[in-house]
Amino acid sequence: MTANGGEDWGRLMAAAQSGDSAAYARLLREILPYVRAIVRRHHAAPDRLEDVLQDVLLTIHRVRNTYDPSRPFTAWLGAIAHRRSVDAIRRKVRIDAVEKFSPIAYETYADPAANKGVAAHEDSAVLTSAIATLPAGQRQAVELLRLKELSLAEASAESGKSIGSLKVNLHRAIHALQKTIRSKADE
Amino acid sequence: MDITEDLIERLAQGLQPVKRLRPPVLRASLWLGVIALLAGSFILGFSHLGVFTRRAGDPKLALELTGTLITGILATVAAFELSLPDRPLKWALLPIPSLALWIGSSGYSCWRQWVAHGPDGWQLGESADCFLWIVGFGAPLGVSLFMALRKSHPIDPGPVAAMAGLGVASLAAFLLQFFHPFDVTFIDLGIHLAAIATVIVLARAAARPGLNAAP
């Protein structure tokens, strides 16, 4: 924390609300240790901790209009960091409850036609066609990050796109896919 | 460059000025003011004011009405407060005393009705449509309140939606009294409470997308 702690950060955030990007970058860098300490209470694994930390930064960016400079900044920041950490735990529990490890799931057939048959049987043809209809940027993000399971850094290197842009495209693609699959299921 | 540092640079580079939200009590007052104007016009245009004024002279009903209206107002204020990240969850307790006053006074009226009319006091009154009324008015009010709350992108949308649901359902129940020229029985009261619970459940179900909260 800086010498004046939250008071300085409050001033930097007020400047950021007015569009001062230098103040914003400084603020985000300065709060990292503080946020990391809160997130670490809930998430010990280093890669997970960094994921949640980035999620907290994105949330701060999204809700920065809600900060009132007449109120303590650290209370505002701490509440966001705590809430996103808890949400990450809930997400993990939800995912773990429906995703099971099955070695057979990784088996496939040499003949592409046979794979197609299996895919159709498992309704993944719907997903395949839904992915094909996505805009190029979103499709690429899904292919690299979900199908090829590359890390953000690897996907960025392969596509030449920034990590931020890949994240946004993946987020939008997943939204679009959920919508398409839901509407197909309703038919 | 590490990913977090890269993210910070990107967020700072694309930074746009934002309009700071006004204080939550002010935002709640503006929303309530607009709804009061619309509801006032509706009441003047369509209700039986004479019947209502006669009934409102009964202190028990006046108490019930006050409890209903205050619950609607305070739950709305609580929703605006809770939509901000740094507000504690205890804001959700704000409408509890008025809710207790409302349910208590209604329950007392029902009990008197039961004592006065015997088994008839348990029967379904003429208010079977009240459920549809509360849900029917609560839903559009809820949509409009959600639109006002979306600007906060609540980080914990569940309690915000529940308070919003309680607020709009209470306001709908208050409006109902202008078109409800009879005392309630226990079953009617149960129907009113079930309608309010339905609006709260619907609001909670729509919380995350409806309030534009982070996934």
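Note that the protein sequences, when read in sequence, are chains A and B. Counting along the first sequence from 1, when you hit position 10 you're at 10 in my numbering, and nothing is skipped either side. Counting along the second sequence from 1, when you hit position 59 you're at 1059 in my numbering, and nothing is skipped either side. Note that CB positions come from ideal geometry on N, CA and C, so glycine has one too. Owing to the predicted nature of the structure, the values given are computational and were not obtained by experimental measurement.
Note to self: Measuring straight from C-alpha to C-alpha, what distance separates residue 1146 of chain B and residue 1138 of chain B?
What the structure shows: 12 Å
Notebook entry, point to check: Cβ of residue 52 of chain A within 8 Å of Cβ of residue 84 of chain A?
Noted result: yes
Margin query: I'd like to know if residue 38 of chain A contacts chain B, where contact means its C-beta is closer than 8 Å to some C-beta of that chain.
Written below: no
Margin query: Using a Cβ-Cβ cutoff of less than 6 Å, which residues in the same chain neighbour residue 14 of chain A once the five nearest sequence positions on both sides are dropped?
Written below: 69
Checklist line | Assigned exposure category for residue 149 of chain A - 16 Cβ within 10 Å defines buried | finding: exposed
Notebook entry, point to check: Does DSSP put residue 1009 of chain B in a helix, in a strand, or in coil?
Noted result: helix
Check: Are residue 1085 of chain B and residue 1008 of chain B closer than 8 Å when you measure CB to CB?
Finding: no
Notebook entry, point to check: Run through DSSP, which three-state label would residue 60 of chain A get?
Noted result: helix
Item checked: Reference residue 1089 of chain B; option with closest CA among B:1159, B:1167 and B:1027 -> B:1159
Checklist line | CB-CB length for residue 28 of chain A against residue 57 of chain A, believed under 8 Å | finding: 6 Å
Next item on the list: Using a threshold of 8 Å, state whether the C-beta atoms of residue 1065 of chain B and residue 1056 of chain B are closer than that.
Entry: yes
Next item on the list: Run the CB neighbour count on residue 158 of chain A, radius 10 Å, all protein chains shown included, and call it buried at 16 or more, exposed below.
Entry: exposed
Check: DSSP three-state call for residue 67 of chain A: helix, strand or coil?
Finding: coil
Checklist line | Short Cβ contact (8 Å threshold) for residue 1048 of chain B with residue 1130 of chain B | finding: no
Next item on the list: Just the C-alpha distance for residue 1185 of chain B and residue 1044 of chain B, rounded to the nearest angstrom, thanks.
Entry: 27 Å
Check: What's the gap between the Cα of residue 1211 of chain B and the Cα of residue 1025 of chain B?
Finding: 18 Å
Next item on the list: Report the option in A:172, A:175, A:144 and A:174 whose CA atom is closest to the CA atom of residue 160 of chain A.
Entry: A:144
Next item on the list: Reducing DSSP to helix, strand and coil, say where residue 250 of chain A ends up.
Entry: This structure does not reach residue 250 of chain A, given that chain A is present from 1 up to 187, and the question cannot be answered.
Check: What is the DSSP secondary structure of residue 1071 of chain B, reduced to helix, strand or coil?
Finding: helix
Checklist line | Option nearest residue 90 of chain A by Cα separation, candidates A:24, A:154, A:42 and A:151 | finding: A:42
Next item on the list: Report the neighbours of residue 34 of chain A on chain B: residues whose CB is nearer than 9 Å to its CB, in chain order.
Entry: Neighbours of residue 34 of chain A on chain B: none; closest Cβ ~14 Å, over 9 Å.
Item checked: Identity of the residue in B:1069, B:1095 and B:1067 nearest residue 1079 of chain B by Cα -> B:1095
Next item on the list: Write down the C-beta distance between residue 1166 of chain B and residue 1200 of chain B rounded to the nearest angstrom, noting that I regard them as a contact closer than 8 Å.
Entry: 6 Å
Checklist line | Three-state secondary structure (DSSP) of residue 175 of chain A | finding: helix
Next item on the list: Quick one: list the residues of chain A neighbouring residue 1153 of chain B, beta-carbon separation under 9 Å, in chain order.
Entry: 59, 62, 63, 65 and 66
Next item on the list: Check the Cβ of residue 162 of chain A against every Cβ in chain B and list those closer than 9 Å, keeping chain order.
Entry: 1006 and 1010
Next item on the list: Consult DSSP for residue 149 of chain A and reduce its assignment to one of helix, strand or coil.
Entry: coil
Check: Name the chain A residues whose beta carbon is nearer than 7 Å to that of residue 1214 of chain B?
Finding: 59 and 62
Next item on the list: Would you mind reading off the limits of the alpha helix (DSSP H) that contains residue 134 of chain A?
Entry: Premise fails: residue 134 of chain A is in no alpha helix (DSSP H) and is neither H nor E.
Next item on the list: Starting from the beta carbon of residue 54 of chain A, find every residue of chain B whose beta carbon is closer than 8 Å, and list them in chain order.
Entry: 1003, 1004 and 1007
Check: Beta-carbon of residue 144 of chain A versus every beta-carbon of chain B: anything under 8 Å?
Finding: no
Next item on the list: Quick one: give me the first and last residue of the alpha helix (DSSP H) that residue 1044 of chain B is part of.
Entry: 1024-1046
Margin query: Restricting to Cα atoms, I'd like to know which of A:77, A:48, A:141 and A:162 is closest to residue 175 of chain A.
Written below: A:141
Next item on the list: Work out the CA separation of residue 152 of chain A and residue 165 of chain A for me, nearest whole Å.
Entry: 10 Å
Notebook entry, point to check: Taking the alpha-carbon positions, what's the residue 2 of chain A to residue 8 of chain A distance?
Noted result: Residue placement at residue 2 of chain A is flagged as unreliable, the pLDDT there being 49, under the threshold of 50; the coordinate-derived value follows with that caveat. Computed Cα separation, rounded: 7 Å.
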